[in-house]
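Trainee: After the C-alpha cells below, expect a handful of questions from me.
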Amino acid sequence: MARRTILITLLLVALVGVGVWLIARGAPSLSALTFGSESTAEPEAPIADLPAGTTPAVVEYVHDGDTLFLEDGRKVRLLGIDTPEIGENAECWGEEATMLLRTLLPEGTAVQVLADEDPLDQYGRSLLFVYAPDGTNVNLELVRRGSAEAVFYEPNDLFQTELRAAEREAQDAGRGQWAACGF
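For this note's numbering, add 5 to where a residue sits in the sequence shown, where the first one is 1.
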C-alpha cells in the first residue's frame with residue numbers, strides 16, 4: 006500500500022513538473038485549449054503587400070483542388086484557375102491538386118480573400134483569390150506548381166497576365182500535371 010502511494014505521488018509530481026515546464030515554454034494552459042470542430046484561428050489583419058480590397062476569412066474545409074468552404078458559410082471557387090476533377094469523374098492529377106490545396110490551406114487557416122468583377126458564379130459560389138497567412142496568392146501558387154491551369158471568364162480577368170505566365174513556366178518545367186498526365 007505504501008509503495009503504491011509513493012508511486013502515485015511520484016507520478017503526480019512528474020505530471021505537475023511537465024505542466025510547469027510546458028507553461029514556461031509558452032504552451033497554452035488546458036483552459037485555453039478547445040476541442041471538437043471549433044476553430045481556434047481568428048481572421049488576421051491584412052498583410053501589407055496584399056491588393057486593396059482583401060478581407061479576412063477562415064478556411065473550414067477544402068473540397069477539391071479549386072473549391073473550398075469558409076467558416077462564414079461561403080462555398081468558394083478559386084478564381085482564374087481550374088484543377089483536374091476528383092471523385093466519380095476523376096482526372097489525372099485531381100487527387101494531387103486537392104492534397105496540395107489542403108496542404109496550403111489546412112482547416113482553420115486564417116486567410117485573406119479578394120473578389121473580382123463578378124463575385125458569384127452561376128451556382129452561387131463565391132469567386133475569390135485566396136491569400137495564405139504568409140501573403141501567398143494560393144490560386145497563383147497552384148498554377149506555379151502545375152496543379153492548376155489558368156482559365157478566365159469575362160469580366161473576371163484579375164491577375165490574368167501573372168496566371169498565364171505561371172502556367173507557361175509550369176508547362177516548360179514539366180511540373181505536376183504537365184509531366185504526369187501526358188499533356
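Glycine included, every Cβ here is placed at the ideal spot set by N, Cα and C.
1) On a Cα-Cα basis, can you pick out the residue from E76, P160, R180 and A178 that is closest to T1?
2) Among G70, A57, G85 and E100, which has the Cα closest to the Cα of N161?
3) Could you pull the DSSP bridge partners for S131 from this structure?
4) Taking the alpha carbon of E122 as the reference point, which residue from A153, V116, P111 and F134 has its own alpha carbon closest?
5) Just to confirm, are L147 and T88 a CB contact at a threshold of 9 Å?
6) Can you tell me the Cα-Cα spacing of E176 and L110, whole angstroms?
7) Please report the distance separating the alpha-carbon of A188 from that of E96.
Mentor: Reading from the atomic positions:
1) No statement about residue 1 is possible, as the shown extent of the chain runs from 6 to 188 and does not include it.
2) Stepping through the sequence shown from its first residue, residue 161 is reached at position 156. Of the candidates G70, A57, G85 and E100, the one whose C-alpha sits nearest the C-alpha of N161 is G85.
3) One-based indexing of the sequence shown puts residue 131 at position 126. In the DSSP output, where bridge partners are listed per residue, S131 has V81 and L125.
4) As a working note, residue 122 is residue 117 in the sequence shown. Nearest C-alpha to E122: F134.
5) Reading the sequence shown from its first residue, position 142 is the one you call residue 147. Reading the sequence shown from its first residue, position 83 is the one you call residue 88. Taking a C-beta distance under 9 Å as the contact criterion, L147 and T88 qualify as a contact pair.
6) As a working note, residue 176 is residue 171 in the sequence shown. As a working note, residue 110 is residue 105 in the sequence shown. The sequence given here places Gln at residue 176; Glu does not occur at that position. Cα to Cα, Q176 sits roughly 24 Å from L110.
7) Position 183 of the sequence shown, counted from the first residue, corresponds to residue 188. Position 91 of the sequence shown, counted from the first residue, corresponds to residue 96. According to the sequence provided, residue 188 is Phe. The question's Ala does not apply to it. One C-alpha to the other measures close to 13 Å.
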